[in-house]
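Engineer:
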């Protein structure tokens with residue numbers, strides 16, 4: 117719904133990029149606190165509170181005509197939804213065997229991408245039918261339902277229900293205090309793999325979210341003269357491939373007992389794929405095939421969490437998950453507004469229905485940043501040390 121937002125708020129590509137990035141600013145800012153709090157307070161409390169706050173922010177976004185107020189609403193949503201992924205990984209650590217952590221991380225990412233998939237063609241159809249504001253209020257209702265389900269179902273550890281816990285013994289019965297976690301937090305970046313993975317993750321996630329989540333549909337409409345629904349369908353194919361690949365990558369890594377080969381292989385294929393998509397003169401059918409392969413390769417991103425988890429002390433599992441997720445979101449936080457600025461700089465003055473129209477060349481100039489970060493991701497992963505799917509600290 118980029119066109120609707122640009123029209124209703126009267127904003128340019130740079131402003132839209134900044135508006136989208138506000139979510140990631142808040143999301144990143146909350147990752148480390150979330151990691152610390154989930155290690156100290158437990159998962160259930162954070163999940164319920166996050167759902168309530170996300171619903172409130174979504175309602176604020178849908179109700180206002182002010183760009184500034186809408187940005188505040190998006191800021192609240194970003195901060196609130198920051199708890200979701202870290203809580204998921206924390207619960208997986210307590211409820212499932214260590215040998216299945218990467219696969220479960222992949223399943224979690226796949227479910228997250230189901231939401232991204234709904235935000236393509238289904239969302240486009242709903243926006244055309246009911247308007248984006250009504251869709252925003254409906255989304256808030258769904259999030260509240262998730263919070264209610266968390267209150268009714270989620271338990272921090274199997275021990276609370278009388279079952280055997282799968283968590284390391286250090287995590288089963290007591291949480292570290294916030295003070296202890298804050299004192300130990302800086303040490304996670306003294307481990308070589310942590311900062312390499314931290315920087316590498318943004319290459320995968322930044323590329324996917326910047327393209328499928330913001331600029332891709334508009335680019336596809338301009339390059340291939342597609343309708344909004346057709347462009348959303350191409351992005352949906354990419355999201356499905358990304359979602360399906362995540363648990364497969366996790367399962368294969370757990371099965372062969374190694375992280376680096378699949379992680380690096382995905383980075384190499386995705387780097388080649390993004391460059392081909394943006395700079396090769398592909399017809400639509402070939403573009404879609406290459407986009408599907410590229411997105412599938414990006415599914416290797418899920419291995420970064422298991423890789424990093426095995427590289428730090430066990431009591432910092434929630435904190436390292438939050439830290440690596442910051443790395444994930446650095447990608448879209450930087451790339452989305454940066455691409456928007458490039459588009460505005462190269463805008464030739466064309467307008468359509470009160471919205472700026474950007475050329476394919478302008479998009480290619482902006483997307484070059486995706487290609488460069490993808491190559492950097494390959495270099496960073498090549499420098500990591502294999503953990504062989506076992507804790508190394």
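Numbering (this note's numbering), first residue to last: 117 to 509.
Cβ coordinates follow ideal geometry from the N, Cα and C atoms, glycine included.
Note that the structure is a prediction, hence the values are computed from the model and not measured.
Run the CB neighbour count on residue 229, radius 10 Å, all protein chains shown included, and call it buried at 16 or more, exposed below.
Structural biologist: Against the chain shown, residue 229 aligns to sequence position 113. Buried, because 16 or more other Cβ atoms sit within 10 Å of the Cβ of residue 229.
Engineer: If you run the structure through DSSP and keep just helix, strand and coil, what is residue 468?
Structural biologist: Taking the chain shown and counting its residues from 1, the one referred to as residue 468 is at position 352. Looking at residue 468 - three-state DSSP - the assignment turns out to be strand.
Engineer: Closest by CA to residue 475, which one among 214, 236 and 335?
Structural biologist: Here residue 475 refers to the residue found at position 359 when the chain shown is read from its first residue. Measuring from the Cα of residue 475, the nearest candidate turns out to be 335.
Engineer: Output the distance between the C-alpha atoms of residue 290 and residue 223, rounded to the nearest integer angstrom.
Structural biologist: What you label residue 290 is simply residue 174 of the chain shown in a count that begins at 1. What you label residue 223 is simply residue 107 of the chain shown in a count that begins at 1. Summary for residue 290: the model assigns pLDDT 48, below 50, so the residue's position carries little reliability; its value from the coordinates is reported in the next sentence. The C-alpha of residue 290 lies about 27 Å from the C-alpha of residue 223.
Engineer: Below 8 Å on the Cβ atoms is my guess for residue 363 versus residue 219; work out the distance and round it to an integer in Å.
Structural biologist: As a working mapping, residue 363 is identified with position 247 in the chain shown. As a working mapping, residue 219 is identified with position 103 in the chain shown. Between residue 219 and residue 363 the Cβ distance is about 6 Å, and since that is below 8 Å, they are a contact.
Engineer: Alpha helix (DSSP H) containing residue 391: first to last residue?
Structural biologist: Translated into positions along the chain shown, residue 391 becomes position 275. Run containing residue 391: 376-395, per the alpha helix (DSSP H) assignment.
Engineer: Please report the straight-line C-alpha distance between residue 358 and residue 365, rounded to a whole angstrom.
Structural biologist: Translated into positions along the chain shown, residue 358 becomes position 242. Translated into positions along the chain shown, residue 365 becomes position 249. Approximately 10 Å, taken between the alpha carbons.
Engineer: Please go through the same chain and pick out, in chain order, the residues whose beta-carbon is closer than 7 Å to the beta-carbon of residue 340, but skip the five residues on each side of it.
Structural biologist: As a working mapping, residue 340 is identified with position 224 in the chain shown. So the list reads 400, once near-sequence residues are dropped.
Engineer: When the distance is taken between beta carbons, is residue 129 closer than 7 Å to residue 477?
Structural biologist: Working through the chain shown from its first residue, we reach residue 477 at position 361. Working through the chain shown from its first residue, we reach residue 129 at position 13. No, the Cβ-Cβ distance between residue 477 and residue 129 is not below 7 Å.
Engineer: Take residue 252 and list the residues in its own chain whose beta-carbon comes closer than 6 Å to its own, dropping the five residues that flank it on each side.
Structural biologist: Reading the chain shown from its first residue, position 136 is the one you call residue 252. For residue 252, same chain residues with a beta-carbon under 6 Å away, outside a window of 5 residues either side, are 174, 177 and 178 in chain order.
Engineer: Report the three-state DSSP secondary structure of residue 130 (helix, strand or coil).
Structural biologist: Here residue 130 is taken as the residue at index 14 of the chain shown, counted from 1. Helix at residue 130.
Engineer: Decide if residue 231 is buried, meaning its Cβ has at least 16 other Cβ atoms within 10 Å, or exposed.
Structural biologist: Taking the first residue of the chain shown as 1, we reach residue 231 at position 115. Flag for residue 231 reads exposed.
Engineer: In three-state DSSP terms, what is residue 143?
Structural biologist: Numbered from 1 along the chain shown, position 27 holds the residue referred to as residue 143. In the structure shown, residue 143 sits in a helix (DSSP, three-state: H, G or I).
Engineer: Measuring CA to CA, which of 464, 119, 205 and 159 is closest to residue 247?
Structural biologist: Position 131 of the chain shown holds residue 247. For residue 247, the nearest C-alpha among the options comes from 119.
Engineer: Can you tell me where the alpha helix (DSSP H) holding residue 403 begins and where it ends?
Structural biologist: As a first step, residue 403 must be located in the chain shown, where it is residue number 287. That run of the alpha helix (DSSP H) goes 400-414.
Engineer: Could you give the first and the last residue of the continuous alpha helix (DSSP H) run that contains residue 357?
Structural biologist: As a first step, residue 357 must be located in the chain shown, where it is residue number 241. Counting along the chain, the alpha helix (DSSP H) containing residue 357 begins and ends at 344-372.
Engineer: Contact defined as beta carbons within less than 8 Å: I believe residue 497 pairs with residue 451. What is the distance between those atoms, to the nearest angstrom?
Structural biologist: Counting from 1 along the chain shown, the entry for residue 497 is found at position 381. Counting from 1 along the chain shown, the entry for residue 451 is found at position 335. Wrong, their Cβ atoms sit about 19 Å apart, outside the cutoff.
Engineer: May I ask you to verify whether the segment 376-392 touches the segment 404-416, counting CB pairs closer than 8 Å and requiring at least 3?
Structural biologist: yes
Engineer: Nearest to residue 429 by alpha carbon, out of 360, 379, 508 and 438?
Structural biologist: Locating residue 429 in the chain shown gives position 313, where the first residue counts as 1. The residue with the shortest Cα to Cα distance from residue 429 is 508.
Engineer: Determine the DSSP secondary structure at residue 506, reduced to helix, strand or coil.
Structural biologist: Residue mapping note: residue 506 aligns to position 390 of the chain shown, counting from 1. Reduced to three states, the DSSP call for residue 506 is coil.
Engineer: By the 10 Å Cβ neighbour count, where 16 or more other Cβ atoms means buried, how is residue 126 classified, buried or exposed?
Structural biologist: Taking the chain shown and counting its residues from 1, the one referred to as residue 126 is at position 10. Residue 126 comes out exposed.
Engineer: Which residue's Cα is closest to the Cα of residue 409: 424, 382, 395 and 433?
Structural biologist: Position 293 of the chain shown holds residue 409. Ranking the options by Cα distance to residue 409, first place goes to 382.
Engineer: Do the CB positions of residue 167 and residue 259 come within less than 7 Å of each other?
Structural biologist: Looking up residue 167 in the chain shown gives position 51. Looking up residue 259 in the chain shown gives position 143. A contact, by the Cβ cut-off of 7 Å.
Engineer: Does DSSP put residue 247 in a helix, a strand or coil?
Structural biologist: In the chain shown, the residue the question calls residue 247 occupies position 131. In the three-state reduction of the DSSP assignment, residue 247 falls in the coil class.
Engineer: How long is the line joining the alpha carbons of residue 441 and residue 421, rounded to whole angstroms?
Structural biologist: Position 325 of the chain shown, counting from 1, holds the residue named residue 441. Position 305 of the chain shown, counting from 1, holds the residue named residue 421. So the alpha carbons of these two residues sit roughly 8 Å apart.
Engineer: Could you tell me how far apart the beta carbons of residue 135 and residue 449 are, in whole angstroms, since I believe they sit closer than 8 Å?
Structural biologist: Residue numbering aside, residue 135 sits at position 19 when the chain shown is read from its first letter. Residue numbering aside, residue 449 sits at position 333 when the chain shown is read from its first letter. Not a contact, Cβ separation roughly 12 Å.
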